[in-house]
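With this note's numbering, the residue at position 38 of the sequence shown is 46, and numbering never jumps.
By construction, the Cβ of each residue, glycine as well, lies at the ideal position given by its N, Cα and C atoms.
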Amino acid sequence: MKKPFWPLTILYFGAVILGIYGMVEAYQQKNDFNLFFRGVLVFLWTGFLINRIRKHVKK
């Protein structure tokens, strides 16, 4: 039984947009590296979670 992936796709693109937004904000403020790393971490973590869910659903 295959589940649709569109909610995951929406979540993934949302995370990409949030990550890019965090990077742009950090670049504009120059000194707020905390926000930059938070954006990168959210981006990587969401990608990791979606890969795990896809592998789990395929089995």
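If you count every other CB in all the chains shown that lies within 10 Å of the CB of G30, and 16 or more means buried, which is it? buried
Rounded to the nearest angstrom, what separates F51 and P15 at their Cα positions? 16 Å
Through-space distance from F21 to I61, alpha-carbon basis: 16 Å
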